[in-house]
Amino acid sequence: MSLTNGIGKDGGLPWRLKGEMAYFRSVTSHIPEEEKRRGARNAVIMGRKTWVSIPPKFRPLAGRINIVISRTSSATELGVNPESEDVKVFESIEKALAHLASPREGQAKIGRVFVIGGAQIYTDLLRLDTSSATVDKLLVTRILAPRYDCDAYFPEFRTVEQYMNEVAHASKIIARQDMMKDTAESQDEPIGLLKEQEWTQASTDSLRQYLGSSCPAALLESPDMVTGEGETCYEYQLWEKTG
1 MSLTNGIGKD GGLPWRLKGE MAYFRSVTSH IPEEEKRRGA RNAVIMGRKT
51 WVSIPPKFRP LAGRINIVIS RTSSATELGV NPESEDVKVF ESIEKALAHL
101 ASPREGQAKI GRVFVIGGAQ IYTDLLRLDT SSATVDKLLV TRILAPRYDC
151 DAYFPEFRTV EQYMNEVAHA SKIIARQDMM KDTAESQDEP IGLLKEQEWT
201 QASTDSLRQY LGSSCPAALL ESPDMVTGEG ETCYEYQLWE KTG
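Sequential numbering from 1 applies to the sequence shown in full-length UniProt numbering.
Following this line, the structure appears as structure tokens:
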């Protein structure tokens, strides 16, 4: 996402980053050893538009249980076999979470659950008040430069101070790498910055520990989690719910 939390443009991604897509696949597929021993599978939750945006040859996302939220389309209408154990369609987030929390006998145990979009699903889940599930981590790929035009945004989760710290950090990284690009100062203004802190950015060591074997090899010994492709410089981040 951009420095102002932009995540989409015209129904797709504003950027094309092969390394970041490989990171997404690796992280959402990675199962810690303890979870492996009990035969767990990870799940990815997405909205209808995100499901449709995935090229048919890549649907469902392999090795993960795909959960699709659609209030208007049935499984059949979305090209999903209602009997499939790899893809499930639910009309509400609450029903999807209830399914994941109580798998039937013979179904795979659930490991990590990732929410992968789109913007409305992110907003709904961050605001969801339920004892059955809570969003406690945000895995962010932060685009440091250049500036990308966006029309879809992840809900703001930072305070003014945290946002300004990110702007300063991005400018420092760009200067360090001697990159002549649109920097943080050219970004649109963020919307809805929080008055009180709800999320804390974790250390790079904490992120590496969470990623385990899914951590990109090139960044295992890096002092930060900054990388780049072509003209784009970006950073892998982990944010954790405060308290």
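For glycine and all other residues, C-beta sits at the position ideal for the given N, C-alpha and C. Just so you know, these numbers come straight off a predicted model, no measurement behind them.
- Message: Within 10 Å of its beta-carbon, does M225 have 16 or more other beta-carbons around it, so buried, or fewer, so exposed?
- Response: Counting every other CB atom within 10 Å of its CB across the protein chains shown gives M225 a total of 16 or more, marking it as buried.
- Task: Using three-state DSSP, classify K9 as helix, strand or coil.
- Result: Residue state, collapsed to three classes: strand.
- Message: So, for L194: in the same chain, excluding its five sequence neighbours on each side, which residues have a beta-carbon less than 6 Å away from its beta-carbon?
- Response: Sequence-distant Cβ neighbours of L194 in its own chain, meaning closer than 6 Å and more than five residues away, are T159.
- Task: Consult DSSP for residue 250 and reduce its assignment to one of helix, strand or coil.
- Result: Here the chain has residues from 1 to 243 only, and residue 250 is not among them.
- N- and C-terminal bounds of the beta strand (DSSP E) containing F90: Here the beta strand (DSSP E) through F90 covers 87-90.
- Query: In terms of residue numbering, what span does the beta strand (DSSP E) encompassing N42 cover?
  - Reply: Bounds of the beta strand (DSSP E) holding N42 are 40-47.
- For E189, which residues of its own chain have a beta-carbon under 8 Å away from its beta-carbon, when the five flanking residues on both sides are left out? Take E189, set aside five residues on each side of it, and the residues of its chain with a beta-carbon closer than 8 Å to its own are T4, in chain order.
- Alpha carbon of Q201 to alpha carbon of K49, nearest angstrom: C-alpha separation (whole angstroms): 29 Å.
- Backbone secondary structure at E229 - three-state DSSP: Correct three-state label for E229: strand.
- G6, buried or exposed, once every other Cβ within 10 Å from all chains shown has been counted against 16: With 16 or more other Cβ atoms within 10 Å, it is buried.
- Tell me where the alpha helix (DSSP H) around R112 begins and ends. Not the alpha helix (DSSP H): R112 falls in the beta strand (DSSP E), residues 109-115.
- Message: Out of I143, Y210, I174, K241, which one is the CA nearest neighbour of W15?
- Response: Among I143, Y210, I174, K241, the Cα nearest to that of W15 belongs to I143.
- Task: List the residues that DSSP assigns as beta-bridge partners of Y122.
- Result: According to DSSP, Y122 bridges with nothing at all.
- Item | Neighbour-count burial assignment, I191, 16 or more Cβ in a 10 Å radius | It counts as exposed.
- At which residues does the alpha helix (DSSP H) containing Q209 begin and terminate? Annotation for Q209: the continuous alpha helix (DSSP H) segment containing it runs 204-211.
- Task: Flag this pair as yes or no: are the beta carbons of Y210 and T141 separated by less than 8 Å?
- Result: Contact flag unset, no.
- Task: Would you mind working out which of S92, P32, G117 sits nearest I54, comparing C-alpha positions?
- Result: When only C-alpha atoms are compared, the closest one is G117.
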